[in-house]
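Below: one structure, written as structure tokens.
Residue numbers (my numbering): 4 to 283.
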């Protein structure tokens, strides 16, 4: 602690010294070929619009299923944003116990919202409504589409270590930085983030691929968007084709390709752990 070290300066110097001792080991690390099964994918969305549920999100679901078929792991999150569509996950659970965890999470969030003077269905946001979403149920149906069709193999607490291969779900808030922080803390080493309104979220240490739901926002923010799923609306590609492109982009980024957020230097300030409950 600062008090134990004798002040701020001495604490910083001690921390710098500790990091310096780790540098030889870090410098000795080399990139090595790894199978796709080593990938743990964080799935998230932010600034959703009326196109999310018919373009980027189901396309990400296709990529998620493809990753699972190769033995990898894909984890959906944002519990408040599956409200009203949780049955689409519970019926895919590998066991009754796994499905019950989803139900229990929904009940917890209902109680948590009431205890803080709110309501879990006080959604979508102003930006979501401007983008064409009118109810939490529309938003949730689109959000769940990111999870594809694979069996639900596991449900995790916030930032819990992800240990089960396949498709899983992590309990997180809907706030993007907090949700992604939990997923990365649990072990996700790459992320895909869909957006219709133009979220520019970046993530470190795990790179984050941004998928635009429509061509207009992709062209308008081309320096921040990695993939255009608006081609589905344009009629030039199918959901399956865009999903395959997302999967191939995941492999490319895992192999060293820089995402737009990495090229822009974003991600240093987006680490935001969940501060649960009242603070006294």
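C-beta: ideal position from N, C-alpha, C; glycine also.
**Study point:** Contact the segment 253–272 vs the segment 79–97: 3+ CB pairs below 8 Å
**Key:** no
Practice item. Over the uninterrupted alpha helix (DSSP H) stretch that includes residue 234, give me the two end residues. Key: From DSSP, the alpha helix (DSSP H) with residue 234 extends over 234–237.
Point to revise | the segment 55–73 contacting the segment 16–27, beta-carbon criterion three pairs below 8 Å | key: no
Check your understanding: Does the Cβ-Cβ distance between residue 17 and residue 186 come in under 8 Å?
Key -> Between residue 17 and residue 186, the CB-CB gap reaches or exceeds 8 Å.
Review point. Quick one: what does DSSP say residue 79 is sitting in, helix, strand or coil?
Key: DSSP places residue 79 in strand when its eight states are reduced to three.
Exercise for review: Rounded to whole angstroms, what's the CA-CA distance from residue 74 to residue 160? Just pull it up for me.
Suggested key: 22 Å
Check your understanding: With a Cβ-Cβ cutoff of 8 Å, do residue 42 and residue 95 count as a contact?
Key -> no
Exercise for review: Would you mind working out which of 211, 190 and 104 sits nearest residue 48, comparing C-alpha positions?
Suggested key: 211
Check your understanding: For residue 260, does the three-state DSSP call read helix, strand or coil?
Key -> coil
Check your understanding: Any heavy atom of the ligand NAD within a distance shorter than 7 Å of the CB on residue 54?
Key -> The model depicted lacks the ligand NAD and carries no ligand whatsoever.
Practice item. Given a cut-off of 8 Å, decide if residue 250 and residue 66 are closer than it, judged by their beta-carbon atoms. Key: In this structure, residue 250 lies closer than 8 Å to residue 66 by Cβ.
Check your understanding: Where do the ends of the beta strand (DSSP E) carrying residue 47 lie?
Key -> 43–48
Practice item. Might you give, ordered along the chain, the residues of its own chain that have their beta carbon closer than 8 Å to the beta carbon of residue 122, omitting 5 neighbours on each side? Key: 116
Review point. Helix, strand or coil: which one does DSSP assign to residue 228?
Key: In the structure shown, residue 228 sits in coil (DSSP, three-state: anything other than H, G, I, E or B).
**Study point:** residue 274 - DSSP class collapsed to helix/strand/coil
**Key:** coil
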